[in-house]
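Visitor:
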Amino acid sequence: MFEEAKKAYAAYGIDVEEVMAKLADSAISIHCWQADDVIGLQNGGSLSGGIQTTGNYPGKARTFEEITQDLEFAFSLMPGKKRLNLHAIYAVSEKPVPMNKITVKEFEPWIEWGKKHNVPLDFNPTCFSNPMVTNGLTLSSPIEEVREFWVEHCKACREIAEEFGKRQGSPSLVNIWICDGMKEIPADRLGPRQRLKKSLDEIYAVKYDKNYVLDAVESKVFGIGVESFTVGSNEFYQNYAALNGVYCLIDNGHYHPTENVADKIPAMLTFYDKMALHMTRSVRWDSDHVTLYDDTMREITDEIVRCNGLDKVIMALDYFDASVNRIAAYVIGQRSVQKCLLNSMLTPWKKLAEYQDKGDFTHMMALREELKMLPIGEVWKEYLRRQGMEESIMPQIDKYEREVLSKRK
Ligand code: RNT
Ligand code: ZN
């Protein structure tokens, strides 16, 4: 059946072998925070402000050992190249370390882990879930001591990432997302933004070699509890990034529900040599549901592939569902993105674009519909086979739940 599928795609000028090799080589950065509902190792087991998870499925990881055990098992079911995306609150230390004082020392266990599993690390300052988040603000705070604390934190994170980059031979993406905003209608929107700009200027005053550190800023439209105002909005960060040589990270949960986030990719790539993505599924709002093989994600990967963007778009997952088995969430979400990429790579974009440029929208529409009935499932199964994996994942995950997760009480 695979051989037949190969022929079916060849008839459209698609080389399935080439596609499978490319897919296996497209790295996806896996977020460590699905393992434990964004709790981390520094906050005594609870989330406190700025971000939220829902659900209380049993068995979440509570220690470095449990998180890495879960990641290793989840990674064994995920095809293709993987990176690991860490948050600063995953610092490993006996006693909590103030977030403005973290150093590479607290991340040595992660560096070791990454080396052992051949998984490069990306990094994120944790500007939430901390008593220093004051009146809902961090880098945009009017309280100088608070603002400085978070500037120091972000600087420390970039320093740590530089070490990651040097040791792993691949740049570490440092993405800044802050929770800053207001529930009540603000009386001043300019002041917080000017302070955020000042903070970013201070953070990025230190220049790093792009072979070690890539910097990105992540915007948002609103969040629960900050419905009226988000300091780090899309316009704010796009302008900041363009003028200051940092990259934008686009999280597809962070826009109005009718906005087409896929469309932002070619717009950004017209001006930037790179950009980053947080891939998620937003149900009505930034709900961080597990990604699926759905229209929204397929449109996003379509844009990545047809913009020739596999080397330009840094792909990272960002969802945290605490209402389902967390390992299944990891694997289903990562596989769904791989499937979307596969679908996009199996599409003859050149032919479709030729029709578009000729103004022949009839043929463009007809060909698109024809392609939908091609045997992508056979290619996917063969791809998994070559990765030493199979389509069904739940028997192994159920076993892991029985033997490992259910014992975590
Ligand atoms: C929150 C942002 C942010 C976080 C992670 C944990 O809305 O999407 O990226 O999800 O940093
Ligand atoms: Zn995000």
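The sequence shown lines up with residues 188 to 596 when you count with this note's numbering. Just so it is clear, CB atoms sit at the ideal spot from N, CA and C, and this is done for glycine as well.
1) Among P283, P329 and Y434, which one has its Cα closest to the Cα of L228?
2) Whole-angstrom Cβ separation of E588 and G246, contact assumed at under 8 Å?
3) Measure from the alpha carbon of G301 to the alpha carbon of each residue in K269, I276, S280 and C314, then state which is nearest.
4) Taking 8 Å as the line, does the beta carbon of T325 fall inside it for any heavy atom of the ligand FAD?
5) Can you list the residues near the ligand ZN, meaning Cβ strictly closer than 5 Å to any non-hydrogen atom, in the order they appear in the chain?
6) Would the beta-carbon of E565 be found less than 8 Å away from any heavy atom of the ligand RNT?
7) Which residues does DSSP pair with V361 in a beta bridge?
8) Quick check: is any heavy atom of the ligand RNT less than 8 Å from the C-beta of T467?
9) Quick one, which of N398, I372 and P379 has its alpha-carbon nearest E414's?
10) For D257, is the classification buried or exposed, using 16 other Cβ atoms within 10 angstroms of its Cβ as the cut-off for buried?
11) Going by beta-carbon coordinates alone, are N439 and I487 separated by less than 9 Å?
12) Going by the CB atoms, is the gap between L504 and V524 shorter than 9 Å?
13) Specify, as a first and last residue, the run of the alpha helix (DSSP H) that C527 falls within.
14) Assuming A503 is part of the beta strand (DSSP E), what are its boundary residues?
15) Per DSSP, R270 is paired with what?
16) Which value, in whole angstroms, describes the spacing of the CA atoms of P329 and P444?
17) Is P379 buried or exposed, if buried means 16 or more other CB atoms sit within 10 Å of its CB?
18) Can you tell me which of the three DSSP states G242 falls into?
19) Comparing C-alpha positions only, which one of D585, C366 and E339 sits nearest to T321?
20) What did DSSP end up calling T417 once you bin it into helix, strand or coil?
21) Below 8 Å on the Cβ atoms is my guess for G432 versus G368; work out the distance and round it to an integer in Å.
22) Less than 8 Å between the CB of I254 and some heavy atom of the ligand RNT, yes or no?
23) Run the proximity test for N421: is its beta-carbon closer than 8 Å to any non-hydrogen atom belonging to the ligand RNT?
24) Does the beta-carbon of G410, which I'm using as the reference point, lie nearer than 8 Å to any heavy atom of the ligand RNT?
25) Under the rule that 16 or more other beta-carbon atoms within 10 Å means buried, what is V393, buried or exposed?
26) Closer than 8 Å to a non-hydrogen atom of the ligand RNT - does that hold for the CB of D473?
27) According to DSSP, is M286 helix, strand or coil?
28) For V225, is the beta carbon positioned less than 8 Å from some heavy atom of the ligand RNT?
29) Could you pull the DSSP bridge partners for M462 from this structure?
30) Sorted by chain position, which residues of the same chain lie with C-beta nearer than 7 Å to Q521's C-beta, five sequence neighbours on each side aside?
31) How long is the line joining the alpha carbons of T290 and K342, rounded to whole angstroms?
32) Is any non-hydrogen atom of the ligand RNT found closer than 8 Å to the C-beta of E371, if you look at the structure I gave you?
33) Quick check: is any heavy atom of the ligand RNT less than 8 Å from the C-beta of I514?
34) Given the structure, does H443 come close to the ligand RNT, in the sense that its CB is under 8 Å from one of the ligand's heavy atoms?
35) DSSP three-state label for G410, please.
36) CA-CA distance, L571 and E205?
Guide: The structure says:
1) Of the listed residues, the one whose Cα sits closest to L228 is P283.
2) With 8 Å as the limit, E588 and G246 qualify as a contact, their Cβ atoms being about 7 Å apart.
3) The shortest C-alpha separation from G301 is found at K269.
4) You won't find the ligand FAD in this model; what it holds is the ligand RNT and the ligand ZN.
5) Residues with a Cβ closer than 5 Å to any heavy atom of the ligand ZN, in chain order: D438, H465 and D505.
6) No, since every heavy atom of the ligand RNT falls outside the 8 Å radius drawn around the Cβ of E565.
7) Beta-bridge annotation (DSSP): V361 is paired with F310 and D402.
8) At a cut-off of 8 Å, the beta-carbon of T467 counts as near the ligand RNT: some heavy atom of the ligand is closer than that.
9) It is I372.
10) With 16 or more Cβ atoms within 10 Å of its Cβ, D257 is classed as buried.
11) Contact flag set, yes.
12) Pairing V524 with L504 gives a Cβ-Cβ distance under 9 Å.
13) Unbroken alpha helix (DSSP H) run through C527: R513 to M532.
14) Membership of A503 in the beta strand (DSSP E) is indicated by the continuous run V500 to L504.
15) S216, per the DSSP bridge assignment.
16) Rounded to the nearest angstrom, the two C-alpha atoms are 32 Å apart.
17) Buried: at least 16 other Cβ atoms inside 10 Å.
18) Residue state for G242 is assigned as coil, using DSSP reduced to three classes.
19) T321 has its Cα closest to that of C366, out of D585, C366 and E339.
20) In the structure shown, T417 sits in a strand (DSSP, three-state: E or B).
21) So it is not a contact: roughly 26 Å between Cβ atoms.
22) No, the ligand RNT has no heavy atom inside 8 Å of this Cβ.
23) Not under cutoff, so the answer is no.
24) Because some heavy atom of the ligand RNT lies under 8 Å away, the Cβ of G410 counts as near it: yes.
25) With fewer than 16 Cβ atoms within 10 Å of its Cβ, V393 is classed as exposed.
26) Correct: D473 has its Cβ closer than 8 Å to the ligand RNT.
27) DSSP places M286 in coil when its eight states are reduced to three.
28) Checking the Cβ of V225 against the ligand RNT gives yes.
29) In DSSP, M462 forms a bridge with V500.
30) So the qualifying residues of the chain are I215, I217, M265 and L504.
31) If you take the alpha carbons of T290 and K342, they lie about 10 Å apart.
32) E371 Cβ: outside cutoff for every heavy atom of the ligand RNT.
33) I514 Cβ: outside cutoff for every heavy atom of the ligand RNT.
34) Distance from the C-beta of H443 to the nearest heavy atom of the ligand RNT is not below 8 Å.
35) Three-state DSSP puts G410 in a strand.
36) The C-alpha of E205 is placed about 15 Å away from the C-alpha of L571.
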